[in-house]
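> Quick one: the structure is below, questions incoming.
In my numbering, the protein residues as written are 3 to 394.
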């Protein structure tokens, strides 16, 4: 009310145009002229709000239910009307909760809706996944973009999620090194069992430009019987489900960042519990991921890893610490990521030799004695030539 009086008083002084006043006070011209008309009528209460609603409405939401909606929104400020409705229905299925659109109106009237202009959703250009049909078929892993806490500590959140259920396996602050992330994966494998595949990008410590895209970390995965699924370079949309989770994680845990690393990790832990157990997911029928994450027969992580076994027609070589193997009286560089591991070499009809690690072909040795490394397999999509790079 005070703003209306100040606005029309400023207009009466003649120092402001209608357009500038409307912009300054955030109202439309129609609203300004409506207020001006009521002021000119001479009514003493011209600046008081007038109710445009009906005296009574049989369909109006009971105030007790509206209060519960508002309380839940304040508890989960990042949830929209549909997720709030799903959560309310889970809490009390017998209650006649208002529709999602009505919940949206309740939130608007309570001033709990961000009126900032929403960004239009981009067209979906992601390539199809090899569909996971049950929990632990495939996990997705990545590092969410790093940031600093208020005491200037660098935070690198390693995130692991189940592709089938969206269950968030872990969010852990860890250095972006093989030694930094391996303990996180060991804990996840022992707690949840081994997945059949892990989807990741090509960056360190997951992937490399070497033979098969392998690093010491993905070499370890393969020895455990886990396929390493590398997305195409600069194609985060091929890990789209995980990337969408990252946006939610960022909004709810790092804007603004915590005071220190310990407090930031506590935020990540609380977010993971909420995301898994409480937050409804539209793609899951408004159920939280924990309702679907039920591994049928979890594969147990072995205490000891044996060397890989190769068919009798393979020549077996141990990779030296510098990435070389013995070959026809000399030495041939294959991959430092395989240092200490056994590789198998199988001769083809044309005289070439395929170099394999476990069940993955990583390169080709030609009759000239040169090793050509294979690029890693890519997710399903338009046909692309299989890249091969030559090294001496």
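Here a beta-carbon is modelled for each residue, glycine too, at the ideal position from N, C-alpha and C. The model shown is predicted, which means the values in this text are computed figures rather than measured ones.
1) Rounded to whole angstroms, how far is the Cβ of residue 200 from the Cβ of residue 228, which I believe are closer than 8 Å?
2) Nearest-angstrom Cα distance between residue 182 and residue 175?
3) How is residue 223 classed by DSSP in three states: helix, strand or coil?
4) So if DSSP puts residue 148 in a beta bridge, which residue, or which two residues, is it bridged to?
5) Does DSSP classify residue 122 as helix, strand or coil?
6) What's the call for residue 307, buried or exposed, on a 16-neighbour Cβ count within 10 Å?
7) Could you tell me the distance, in whole angstroms, from the CA atom of residue 2 to the CA atom of residue 111?
8) Assign residue 339 to buried or exposed, taking buried as 16 or more other Cβ atoms, counted over all protein chains shown, within 10 Å of its Cβ.
9) On the CB-based measure, 16 or more other CB atoms within 10 Å of its CB, does residue 324 come out buried or exposed?
10) Measuring straight from C-alpha to C-alpha, what distance separates residue 361 and residue 343?
11) Quick one: give me the first and last residue of the beta strand (DSSP E) that residue 37 is part of.
12) I'd like the list of long-range same chain contacts for residue 296, defined as Cβ closer than 7 Å, with 5 residues on each side in sequence excluded.
13) DSSP three-state label for residue 416, please.
14) Thinking just about the alpha-carbon of each residue, which of 133, 154, 250 is nearest to the one in residue 164?
15) Taking the continuous beta strand (DSSP E) assigned at residue 85, which residues delimit it?
16) How long is the line joining the alpha carbons of residue 299 and residue 231, rounded to whole angstroms?
17) If residue 151 sits next to residue 266, beta carbons under 8 Å apart, how far is it from one beta carbon to the other, in whole angstroms?
18) Report the rounded CA-to-CA distance for residue 63 versus residue 100, giving the unit in angstroms.
19) Tell me whether residue 134 sits in a helix, a strand or coil according to DSSP, three-state version.
20) Hey, how far is the Cα of residue 195 from the Cα of residue 276?
21) By the three-class DSSP mapping on this structure, what secondary structure does residue 155 have?
22) Quick check: what's the CA-CA separation for residue 38 versus residue 74?
23) Pair every Cβ in the region 206-221 with every Cβ in the region 251-267, then say whether three or more of these pairs are closer than 8 Å.
24) Among residues of its own chain, excluding the 5 on either side of residue 26, which ones have a beta-carbon nearer than 7 Å to its beta-carbon?
25) Whole beta strand (DSSP E) runs in the region 168-203 with 3 or more residues, listed along the chain?
26) Would you mind working out which of 234, 109, 88, 206 sits nearest residue 68, comparing C-alpha positions?
27) Taking the alpha helix (DSSP H) that residue 320 falls in, what are its first and last residues?
28) Under 8 Å between the Cβ atoms of residue 282 and residue 167?
Reading from the atomic positions:
1) The beta-carbon distance between residue 200 and residue 228, rounded to whole angstroms, is 6 Å. This is short enough to meet the 8 Å contact definition.
2) 9 Å
3) helix
4) DSSP, once it has assigned bridges, lists no residue as partnering residue 148.
5) For residue 122, the predicted model reports a pLDDT of 38, less than 50, meaning its position is unreliable; a value from the coordinates is still stated below. It is coil, neither helix nor strand.
6) exposed
7) The structure shown has nothing for residue 2, since the chain only spans 3 to 394.
8) buried
9) exposed
10) 13 Å
11) From DSSP, residue 37 is part of no beta strand (DSSP E) but of the alpha helix (DSSP H) over 31-42.
12) 137
13) Outside the modelled stretch of the chain, which goes from 3 to 394, sits residue 416, for which no answer is possible.
14) 133
15) Per DSSP, residue 85 belongs to no beta strand (DSSP E); it is in the alpha helix (DSSP H), 83-93.
16) 22 Å
17) 6 Å
18) 7 Å
19) coil
20) 22 Å
21) coil
22) 40 Å
23) no
24) none
25) 170-175, 199-202
26) 109
27) Looking at the DSSP string, residue 320 is not in any alpha helix (DSSP H); the run it does join, the beta strand (DSSP E), is 317-320.
28) When the beta-carbon positions are compared, residue 282 and residue 167 stay at least 8 Å from each other.
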